Amino acid sequence: MGRPVQLQTPQKVGDIALGSKDRESTELNLHRLASLPQAPPLPEQFGEELAAVEATVECSPAPKMHCSYDAIHQSIAGSLDVLRRGGFDQPDILLAISGGGLIPARILRSVLRKGSNNGGCAAIQVIGLELYSDELEGRPHEAGVRRTQWLCGASSQLVGKRLLVVDEVDDSRETLCYATRELLADIAQQEAALAAVGQPVPPTHLGVFVIHNKLRPKKGCLPAGVPQFVAQELSGAPWIVYPWDAPDIEEHNRLGAACS
Numbered sequence: 001m002g003r004p005v006q007l008q009t010p011q012k013v014g015d016i017a018l019g020s021k022d023r024e025s026t027e028l029n030l031h032r033l034a035s036l037p038q039a040p041p042l043p044e045q046f047g048e049e050l051a052a053v054e055a056t057v058e059c060s061p062a063p064k065m066h067c068s069y070d071a072i073h074q075s076i077a078g079s080l081d082v083l084r085r086g087g088f089d090q091p092d093i094l095l096a097i098s099g100g101g102l103i104p105a106r107i108l109r110s111v112l113r114k115g116s117n118n119g120g121c122a123a124i125q126v127i128g129l130e131l132y133s134d135e136l137e138g139r140p141h142e143a144g145v146r147r148t149q150w151l152c153g154a155s156s157q158l159v160g161k162r163l164l165v166v167d168e169v170d171d172s173r174e175t176l177c178y179a180t181r182e183l184l185a186d187i188a189q190q191e192a193a194l195a196a197v198g199q200p201v202p203p204t205h206l207g208v209f210v211i212h213n214k215l216r217p218k219k220g221c222l223p224a225g226v227p228q229f230v231a232q233e234l235s236g237a238p239w240i241v242y243p244w245d246a247p248d249i250e251e252h253n254r255l256g257a258a259c260s
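In terms of UniProt numbering, the sequence shown opens at residue 1 and continues consecutively.
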């Protein structure tokens, strides 16, 4: 019989298991790599230019989308079937969030009235909300949503009605989250008051309508059971410029036509 073959135990170089010959070759290559001259650092001016480019990319604003009154009116009118299927084509009250929801609510009211079987017309009530962003305002202690106007008197009686909150855009969803949560709290309080005196408590329905919904991560969420109706979904989170925000409507329309 021949002599038994003795296997060499591999030794590790880095993260690779190697035999003796491979180990010698690899160590030689590593030594050669280590002996290579290092690349000289970039000149200082190149470093400054690179930093400026990176800062520009990070701070570049989102692309602007100039919406015309015609396009908005058509989008809202095109939402009637969706609202009808969701049971919100004949709401009792449109709750417009000031100020972006005022004009959309008025347009939606006309669209719903035309599509109504009985010619009914929803009332428009206004709730005023302001969103303070720690990113935009630079004051973290003021971040969040603040009321500037709310329902009172007869307009605050919400139980048993079909309510549709209206705003221009669902961006971070913080404002819509606050509005629906507070309205549900008011409804629950009114329902409890009716039940306490033995009065029947009819069902109340609450929904949300927006012209645009940006398909992006949201900071807020709608309560369970509150449906949302959207005229147009938008990807890429563009910066939407509405005609009611434009100081010069002719310039606004020109920019919108150039981008269409």
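Cβ atoms here follow ideal geometry from the backbone N, Cα and C, with glycine treated the same way. Note that the structure is a prediction, hence the values are computed from the model and not measured.
Neighbour-count burial assignment, residue i, 16 or more Cβ in a 10 Å radius
i: Pro-223; result: exposed
i: residue 302; result: Because the chain spans 1 through 260 in this model, residue 302 falls outside it and cannot be assessed.
i: Pro-63; result: exposed
i: Leu-42; result: Legend: pLDDT at Leu-42 = 49, less than 50; position of this residue unreliable, value from coordinates given subsequently. Burial call: exposed.
i: Leu-50; result: Note on Leu-50: pLDDT 47, under 50, position unreliable in the model; the coordinate value appears next. The residue in question, Leu-50, is exposed, as its Cβ has fewer than 16 Cβ neighbours within 10 Å.
i: Glu-250; result: exposed
i: Leu-33; result: Caution is warranted here: a pLDDT of 45 is assigned to Leu-33, below 50, making its placement in the model unreliable, and no coordinate value can be reported.
i: Asp-170; result: buried
i: Asp-70; result: exposed
i: Arg-173; result: buried
i: Arg-201; result: Sequence inspection shows Val at residue 201; the Arg mentioned does not correspond to that position. Flag for Val-201 reads exposed.
i: Pro-166; result: Pro is not the amino acid found at residue 166; the sequence shown has Val there. Classification for Val-166: buried.
i: Ala-196; result: exposed
Endpoints, the beta strand (DSSP E) within which residue i is located
i: Leu-83; result: Per DSSP, Leu-83 belongs to no beta strand (DSSP E); it is in the alpha helix (DSSP H), 80-85.
i: Leu-164; result: 162-170
i: Asn-253; result: Careful: Asn-253 lies outside any beta strand (DSSP E), inside the alpha helix (DSSP H) at 249-259.
i: Arg-147; result: 144-149
CB of residue i within 7 Å of CB of residue j, strictly
i: Lys-161; j: Asp-92; result: yes
i: Tyr-178; j: Val-210; result: no
i: Asn-253; j: Ser-75; result: no
i: Glu-191; j: Val-159; result: yes
i: Lys-214; j: Leu-234; result: yes
i: Leu-94; j: Arg-109; result: yes
i: Gly-100; j: Leu-164; result: no
i: Leu-255; j: His-73; result: no
i: Leu-131; j: Thr-175; result: yes
i: Ala-231; j: Arg-216; result: no
i: Ala-154; j: Val-111; result: no
i: Gln-149; j: Ser-116; result: no
i: residue 268; j: His-212; result: Limits of the chain in this structure are 1 at one end and 260 at the other, which puts residue 268 out of reach.
Start and end residues, alpha helix (DSSP H) containing residue i
i: Tyr-178; result: 174-196
i: Gln-74; result: 69-77
i: Lys-64; result: Premise fails: Lys-64 lies in the beta strand (DSSP E), 64-66, not in any alpha helix (DSSP H).
i: Ser-110; result: 102-115
Beta-bridge pairing of residue i - partner residues as DSSP gives them
i: Ser-155; result: Answer by DSSP bridge pairing: none, since Ser-155 is not bridged.
i: Ile-240; result: Met-65
i: Val-126; result: Ala-96
i: Val-208; result: Val-165, Gln-228
i: Leu-131; result: Val-145
i: Lys-214; result: Leu-234
With three or more C-beta pairs closer than 8 Å as the rule, is the segment 78-90 touching the segment 221-234? Put simply, the segment 221-234 touches the segment 78-90. At least three CB pairs are less than 8 Å apart.
Report yes or no: do three or more beta-carbon pairs, one from the segment 124-132 and one from the segment 97-105, lie closer than 8 Å? Judged by pairs of C-beta atoms under 8 Å, the segment 124-132 touches the segment 97-105, as three or more such pairs exist.
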